[in-house]
Amino acid sequence: MSFTQRFSLISLSSPLLKAWREPTQIILSRNYAARKGTRERKSKKKVKVEVEKVGFIPHALRSRDKLLASKASRKFDDSWKQTPVDVVYSMRYYRSKVYPFLEAVNCHRETHHPEVYNQPNAPLQAIFELNMQGEKKTRFVENFNRICGIQHPFDHGEERTIIAFAKDGDAQKSASEAGAQLAGGVELIKNIQNGKVSLQDFQFVIAHPDILHELSSLRGILKKKFPNPKAGTLDIHLDEVVYRYLHGINYTAKKDEFEKDFGVIETTIGTLNMDASHLEANFAALIEDVMIMKPKREGSFLMRTLLVSPPSRERFTIDYTSYLKDVNKQEKESEAQQSDELDQRAVIEN
């Protein structure tokens with residue numbers, strides 16, 4: 001046997017060659033701890049995720065999303081249509097007619113004549129369509145309820161209960177004489193806290209500024225009913241506030257459930273047998289009161305105003321722009337008054 005043959009046999013039988021030819025198993029080990037938070041992260045992954053079982057969904061609600069997708073917008077816009085040039089035209093292709101207030105009232109009176117509907121005392125309702133967009137695109141005006149004071153009251157058919165708070169005895173007496181069901185001071189607040197008097201029996205809460213500190217103890221019970229100047233429930237002249245809440249127009253602005261930037265107000269402003277000028281005055285007062293809730297942004301708050309009178313289905317669009325001029329004048333006058341007061345204070349201080 002030659003040297004090369006013997007060397008090849010020895011090399012083939014060597015352990016190094018066997019280790020190279022056969023696969024080896026490498027066991028990894030470490031003598032240091034895992035990074036901070038690793039164990040906690042892994043333990044969280046091991047936590048069993050509980051699947052919340054959904055109960056039976058009615059078939060009507062299952063197709064709700066599909067209905068919403070196909071639902072038409074409630075916003076009315078016919079600005080893209082042409083203005084009619086003839087007396088007879090198709091309302092599908094032309095803009096709807098905008099009526100003056102007095103003309104719309106006369107149209108309703110014709111349909112409610114004794115020879116037609118025979119309801120000359122039917123209620124006259126105003127519908128306001130609002131742009132509920134707030135100061136930001138993602139914010140919207142919340143639903144609000146207000147009482148609008150009017151110069152020409154009518155029978156609204158509602159039973160309204162009022163409780164008045166004041167320290168001064170004369171203010172309490174004036175509120176009671178004006179029609180408040182209950183008026184009192186600190187003792188009345190204590191009776192409410194003791195449970196002798198229930199605030200649930202009263203629809204509206206008004207107060208004099210002199211008792212505001214003591215009344216703050218009922219803030220948790222009153223919640224949104226707590227008197228404040230913006231709502232008109234905190235005032236020096238309680239008799240005027242009581243009169244407004246008893247005889248004024250009660251209205252509520254509601255946002256659309258799915259179209260958050262669209263809101264509607266539907267309320268009664270009088271009856272058809274009232275003088276047309278009185279109805280117009282109530283309509284103007286309502287616009288003025290609604291504009292108080294306008295958010296501080298550019299653009300209009302009122303989108304459209306309509307007049308309806310059940311049982312007739314006719315809806316007359318009213319030109320409300322002339323009434324907004326008076327509101328803008330009052331806003332400018334109030335701003336000028338405030339600036340004058342500030343200037344006077346600055347002069348006195350200096």
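According to full-length UniProt numbering, the stretch in the sequence shown is residues 1 to 350, in order.
The beta carbon of each residue, even a glycine, is placed where N, CA and C say it ideally should be.
Would residue i be called buried (16 or more neighbouring beta carbons within 10 Å of its own) or exposed?
i	result
Asp170	exposed
Asn258	A small fix is needed here, since residue 258 is Phe in this sequence, not Asn. With fewer than 16 Cβ atoms within 10 Å of its Cβ, Phe258 is classed as exposed.
His108	buried
Leu199	exposed
Ala72	exposed
Phe7	The pLDDT assigned to Phe7 is 48, lower than 50, so where the model puts this residue is not dependable, and the model offers no usable value.
Asp319	exposed
Leu102	exposed
Glu341	Because the pLDDT at Glu341 is just 48, under 50, the model does not fix this residue reliably, and the point stays unresolved.
Gly232	buried
Gly263	buried
Gly184	buried
Using beta-carbon positions only, say whether residue i and residue j come within less than 7 Å of one another.
i	j	result
Lys254	Ile211	no
Ile265	Phe283	no
Phe316	Tyr99	yes
Tyr245	Ile162	yes
Ser312	Thr111	yes
Val197	Glu214	no
Leu272	Ala122	yes
Cys148	Asp289	yes
Ile287	Thr267	no
Ser176	Asp239	no
Phe140	Asp261	yes
Leu222	Asn228	no
Which residue's Cα is closest to the Cα of residue i: the options?
i	options	result
Glu129	Asp256, Asp155 and Ile221	Asp256
Leu302	Thr252, Thr321 and Lys44	Thr321
Asp86	Thr161, Arg95 and Ser79	Arg95
Tyr251	Asn145, Ala164 and Gly195	Asn145
Arg160	Gly185, His152, Tyr243 and Phe226	Tyr243
Met132	Leu124, Gln125, Ala126 and Glu142	Glu142
Gly134	Asn194, Asn228, Glu177 and Ser300	Ser300
Ala281	Asp77, Asp78, Gln119 and Pro153	Pro153
Gly220	Ile236, Asp239, Gln203 and Gln193	Gln193
Ile292	Leu324, Ser176 and Ala180	Leu324
Glu158	Thr138, Gln203 and His237	Gln203
Leu279	Ala126, Arg92, Lys46 and Lys230	Ala126
Phe165	Lys225, Lys136, His113 and Arg139	Lys225
Ser277	Lys230, Lys136, Asp155 and Asn106	Asn106
Lys81	Arg92, Arg74 and Val88	Arg92
Ser216	Pro114, Arg41, Lys190 and His237	Lys190
Arg304	Lys46, Leu188, Pro295 and Ser79	Ser79
Gln172	Ile236, His113 and Pro114	Ile236
Quick check: the Cα distance between residue i and residue j, rounded to an integer number of angstroms?
i	j	result
Asn350	Pro209	Caution applies to Asn350, whose pLDDT of 42 falls short of 50 and renders its modelled position unreliable; the model cannot decide the point.
Ile348	Val308	With a pLDDT of 42 at Ile348, under the threshold of 50, the predicted position of this residue should be treated as unreliable, and no value is reported.
Ala285	Ile206	21 Å
Val241	Ala178	9 Å
Gln119	Pro310	9 Å
Val88	Leu306	22 Å
Asn297	Gly37	In the sequence on display, residue 297 carries Arg and not Asn. Distance between the alpha carbons of Arg297 and Gly37: 48 Å.
Gln181	Asp155	19 Å
Lys97	His247	33 Å
Ser90	Lys137	37 Å
Asp201	Gly195	12 Å
Leu218	Pro295	29 Å
Glu115	Lys230	46 Å
Glu314	Pro58	37 Å
His113	Arg74	32 Å
Examine the ligand ZN and report whether any of its heavy atoms sits within less than 6 Å of the Cβ of residue i.
i	result
Thr233	The ligand ZN is not part of the structure shown, which contains no ligands of any sort.
Mind listing, in chain order, the continuous beta strand (DSSP E) runs of no fewer than 3 residues lying wholly within the segment 129–202? Listed in chain order, they are 144–148, 162–165 and 182–184.
Pick out the complete alpha helix (DSSP H) segments inside the segment 252–306, 4 residues or longer, and give them in chain order. 276–290
Which runs of the alpha helix (DSSP H), 4 residues or longer, sit entirely within the segment 92–118? 101–111
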